[in-house]
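Chemist: Structure provided below as structure tokens; questions to follow.
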Amino acid sequence: MSQGYAWQSTARRLCLYRNARHVRTPGIPGGRGPQVRHRGDAQAAGNKEVYVSTPAPGLLEPETPFFCSWSGGKDCCLAFQLSVEAGARPAALFTVMDETGARSHSHGLSLASLQVQADALGLPLVVRNASWAAYEDAFLDGLAEIRAMGIVDGVFGDMTVEGHPEWVAHRTWVERVALTAGVKVHLPLWDMGGEAVLVSQLQHHIHAVIVATRDAAVSQAFLGRTLDETCIDELRAAGCDPTGEGGELHTVVTGMPLFAFAPRVTVGAVTAHEGCHFVEVRLERP
Numbered sequence: 012m013s014q015g016y017a018w019q020s021t022a023r024r025l026c027l028y029r030n031a032r033h034v035r036t037p038g039i040p041g042g043r044g045p046q047v048r049h050r051g052d053a054q055a056a057g058n059k060e061v062y063v064s065t066p067a068p069g070l071l072e073p074e075t076p077f078f079c080s081w082s083g084g085k086d087c088c089l090a091f092q093l094s095v096e097a098g099a100r101p102a103a104l105f106t107v108m109d110e111t112g113a114r115s116h117s118h119g120l121s122l123a124s125l126q127v128q129a130d131a132l133g134l135p136l137v138v139r140n141a142s143w144a145a146y147e148d149a150f151l152d153g154l155a156e157i158r159a160m161g162i163v164d165g166v167f168g169d170m171t172v173e174g175h176p177e178w179v180a181h182r183t184w185v186e187r188v189a190l191t192a193g194v195k196v197h198l199p200l201w202d203m204g205g206e207a208v209l210v211s212q213l214q215h216h217i218h219a220v221i222v223a224t225r226d227a228a229v230s231q232a233f234l235g236r237t238l239d240e241t242c243i244d245e246l247r248a249a250g251c252d253p254t255g256e257g258g259e260l261h262t263v264v265t266g267m268p269l270f271a272f273a274p275r276v277t278v279g280a281v282t283a284h285e286g287c288h289f290v291e292v293r294l295e296r297p
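Each position in the sequence shown, counted from 1, maps to that position plus 11 in this note's numbering.
Below you can see the structure in the form of structure tokens.
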């Protein structure tokens, strides 16, 4: 195993096989990964529909190097944590910023804060900038860089939550783009269910702060709150799904067991944009 990654010394102290009473082994029934063929094969065959996905496994085999699709929020962090606990080896994080490079899509996080998270994990952060219209091309370009690093397995924090069928379409998009790039998709949270994901995040001591709220779904008064049991109960009482899978809210993770250091957290101003409110939460090295 490569030396020097910040997550490794912590991972050795963790149980590498999770207690089944905490979280059942997630994943997609069927188990085997996608049948990957390269772009050149499709062109040679003259077939626009060469890439056909089969069910992706949830967790990777031990020692498998992987990248994590990284928003900086609670779900990708849990997917990362579970993959490391299963014995897989993280090798990179991948994020797409807006076209200016100033903020991440949806979460509105600064590149500096995302870089602090990557530094805390001791991993390189692969970054692309793109508008929503150019997002897919940027994603493919980033995956090409990751493949050039010798990494062909990717971990994503997508999950199915009752009442949010749009995530099935998003999974289809992820698989299609990943297969085009020759990357295998792993979805550790997919079959867990929203309640189990929230419980697992709390049990794994993943500390997340709410940084974005959608006005039609939840009050901006929740901005800056830590997503703990009290906050989750209050969100439910307010009629909001605390998983945020309908776009009700987004979070930034300020601490998790695999961080080598605790980032310094600064909460700044609240801004409004296109029916949402955002609070500036900056992460800095201590």
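Note that CB positions come from ideal geometry on N, CA and C, so glycine has one too.
In this structure, what does DSSP give as the bridge partners for His261?
Modeler: Partner(s): Ala223.
Chemist: Excluding sequence positions up to five away, which residues of its chain have a Cβ less than 7 Å from the Cβ of Ala103?
Modeler: If we look at Ala103 and ignore the five residues flanking it on each side, its Cβ neighbours are Phe78, Leu134, Pro135, Val137, Ile157, Met160, Ile162.
Chemist: What separation, rounded to the nearest whole angstrom, lies between the Cα atoms of Tyr62 and Ala189?
Modeler: In this prediction, Tyr62 scores a pLDDT of 32, lower than 50, which makes its location untrustworthy; no coordinate-derived value is stated.
Chemist: Specify the secondary structure class of Glu74 as computed by DSSP and reduced to three states.
Modeler: Note: Glu74 maps to coil in three-state DSSP.
Chemist: Hey, quick one: how far does the alpha helix (DSSP H) through Phe289 stretch, first residue to last?
Modeler: Taken as a continuous stretch (DSSP letters only), Phe289 belongs to no alpha helix (DSSP H), being part of the beta strand (DSSP E) at 287 to 295.
Chemist: What does the alpha-carbon distance come out to for the pair Val185 and His288?
Modeler: Rounded to whole angstroms, Val185 to His288 spans 27 Å at the Cα level.
Chemist: Apart from the five residues just before and just after Pro37, which ones in its own chain have a Cβ nearer than 7 Å to its Cβ?
Modeler: The predicted position of Pro37 is uncertain, since its pLDDT is 32 and thus under 50; no value can be drawn from it.
Chemist: Our contact map puts His215 next to Gly266 with C-beta atoms below 8 Å; I'd like the distance itself, whole angstroms only.
Modeler: The pair is not a contact, with the Cβ atoms about 11 Å apart (cut-off 8 Å).
Chemist: Three-state secondary structure (DSSP) at Ser94?
Modeler: Correct three-state label for Ser94: helix.
Chemist: Find out if the Cβ-Cβ distance for the pair Val222, Val127 is shorter than 8 Å.
Modeler: No, the Cβ-Cβ distance between Val222 and Val127 is not below 8 Å.
Chemist: Is the beta carbon of Glu245 closer than 8 Å to that of Val172?
Modeler: Not a contact, by the Cβ cut-off of 8 Å.
Chemist: Can you tell me whether Pro297 is buried or exposed, with buried defined as 16 or more other CB within 10 angstroms of its CB?
Modeler: By the 10 Å Cβ count, Pro297 comes out exposed.
Chemist: Identify the residues that DSSP records as bridge partners of Val166: which are they?
Modeler: For Val166, which the question treats as bridged, DSSP gives the partners Cys79, His197.
Chemist: If you count every other CB in all the chains shown that lies within 10 Å of the CB of Thr262, and 16 or more means buried, which is it?
Modeler: Classification of Thr262: buried, given that the 10 Å Cβ count is 16 or more.
Chemist: Could you tell me the alpha carbon to alpha carbon distance between Leu238 and Asp169, rounded to whole angstroms?
Modeler: Leu238 and Asp169: Cα-Cα distance of roughly 19 Å.
Chemist: Per DSSP, what kind of secondary structure is Pro45 in: helix, strand or coil?
Modeler: Any reading at Pro45 needs caution, since the residue's pLDDT is 31, under 50, leaving its predicted position unreliable; the model's value is listed next. DSSP places Pro45 in coil when its eight states are reduced to three.
Chemist: Hey, how far is the Cα of Thr282 from the Cα of Ser121?
Modeler: About 14 Å.
Chemist: Would you list the residues sitting across from Ala103 in a DSSP beta bridge?
Modeler: Phe78.
Chemist: For Gly279, which of helix, strand or coil comes out of DSSP?
Modeler: Three-state result, Gly279: strand.
Chemist: What is the DSSP secondary structure of Thr191, reduced to helix, strand or coil?
Modeler: Three-state DSSP puts Thr191 in a helix.
Chemist: Quick check: the Cα distance between Asp109 and Asp148, rounded to an integer number of angstroms?
Modeler: Answer to the nearest angstrom: the Cα atoms are 13 Å apart.
Chemist: Please identify the residue among Gly286, Glu177, Ser124, Val194 whose C-alpha is closest to the C-alpha of Val276.
Modeler: Closest option to Val276, Cα to Cα, is Ser124.
Chemist: In angstroms with no decimal places, state the Cα-to-Cα distance between Arg293 and Gly112.
Modeler: Approximately 16 Å, taken between the alpha carbons.
Chemist: Can you tell me which of the three DSSP states Arg182 falls into?
Modeler: Correct three-state label for Arg182: helix.
Chemist: Write down the C-beta distance between Pro76 and Gly98 rounded to the nearest angstrom, noting that I regard them as a contact closer than 8 Å.
Modeler: Not quite, the Cβ-Cβ distance comes to about 12 Å (not below 8 Å), so this is no contact.
Chemist: I'd like the list of long-range same chain contacts for Ala280, defined as Cβ closer than 6 Å, with 5 residues on each side in sequence excluded.
Modeler: Once the five neighbours on either side are set aside, the close Cβ partners of Ala280 are Glu291.
Chemist: In whole angstroms, give me the CA-to-CA distance for Gly84 and Ser115.
Modeler: Distance between the alpha carbons of Gly84 and Ser115 is about 11 Å.
Chemist: Just how far apart, CA to CA, sit Ala271 and Val264?
Modeler: Each residue's alpha carbon lies about 14 Å from the other.
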